[in-house]
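So the sequence shown is residues 211 to 349, counted in this note's numbering.
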Amino acid sequence: MTIQNIPSTDSRLERGQRALEAIDGRAGQNVIDALADIAPDFATYLFEFPFGDIYSRPGLSLRDREIATIAALAAMGTAQPQLKVHVEAGLNVGLTQEEITEVLMQMAVYAGFPAALNGLFTAKEVFAARAQEAVEART
């Protein structure tokens, strides 16, 4: 899955808004909404640079970009809220729970066991919330 179908004549902001919706869905919009009363310009920056410029580039699929993002956020060890958003995004673009778990386990080698554990527990929360949503949607 790529977002190369986004017309190149769109502005960075428009590309970023479309990319964020395709990648993060509601989780990304929640971040934007949370910034509205404190730093609305920062929300614009998030649309334009990470999503309008970087995620919209050719060369890597969204799936590959999310693997890299999940690994980087887990390795930081200090970005659990952002990691949650990107675990969701990984699932949205086709990563499986097993693949995400393997990426996080790989971080034990390069970022240490605490970072890997924090990442795994963060992913576990996302997986559980998704499973609960699926149950609720069926009832």
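Quick reminder that beta carbons are idealized off the backbone N, C-alpha and C, glycines included.
Report task. Please report how far the alpha carbon of Ile216 lies from the alpha carbon of Glu258, in whole angstroms. Result -> Sequence index remark: in the sequence shown, residue 216 carries index 6 (1-based). Sequence index remark: in the sequence shown, residue 258 carries index 48 (1-based). Residue placement at Ile216 is poorly supported in this model, since its pLDDT is 49, which falls under 50; the coordinates still yield a value, given next. Using only the alpha carbons, I get a separation of about 14 Å.
Query raised in the report: At least one CB of chain B closer than 8 Å to the CB of Thr311: is that the case?
Result: The structure shown has no chain B; it contains just one protein chain.
Report task. Just confirm the distance between the C-beta atoms of Arg222 and Asp263, as a whole number of angstroms; I'd bet it's less than 8 Å. Result -> Taking the first residue of the sequence shown as 1, we reach residue 222 at position 12. Taking the first residue of the sequence shown as 1, we reach residue 263 at position 53. Yes, Arg222 and Asp263 are in contact; Cβ-Cβ is about 6 Å, under 8 Å.
Query raised in the report: In terms of residue numbering, what span does the alpha helix (DSSP H) encompassing Gly238 cover?
Result: Numbered from 1 along the sequence shown, position 28 holds the residue referred to as residue 238. Secondary structure note for Gly238: its alpha helix (DSSP H) is the uninterrupted segment 222–245.
**Report entry** Nearest residue (CA-CA) to Ala285, options Ala318, Leu245, Val345, Arg236
**Finding:** Translated into positions along the sequence shown, residue 285 becomes position 75. For the residues Ala318, Leu245, Val345, Arg236, the minimum Cα distance to Ala285 belongs to Ala318.
Query raised in the report: Taking Cβ positions, are Val295 and Ile310 nearer each other than 8 Å?
Result: In the sequence shown, the residue the question calls residue 295 occupies position 85. In the sequence shown, the residue the question calls residue 310 occupies position 100. No, the Cβ-Cβ distance between Val295 and Ile310 is not below 8 Å.
Query raised in the report: Does the stretch 237–257 come close enough to the stretch 270–277 that 3 or more CB-CB pairs lie under 8 Å?
Result: With fewer than three CB-CB distances shorter than 8 Å, the stretch 270–277 does not count as touching the stretch 237–257.
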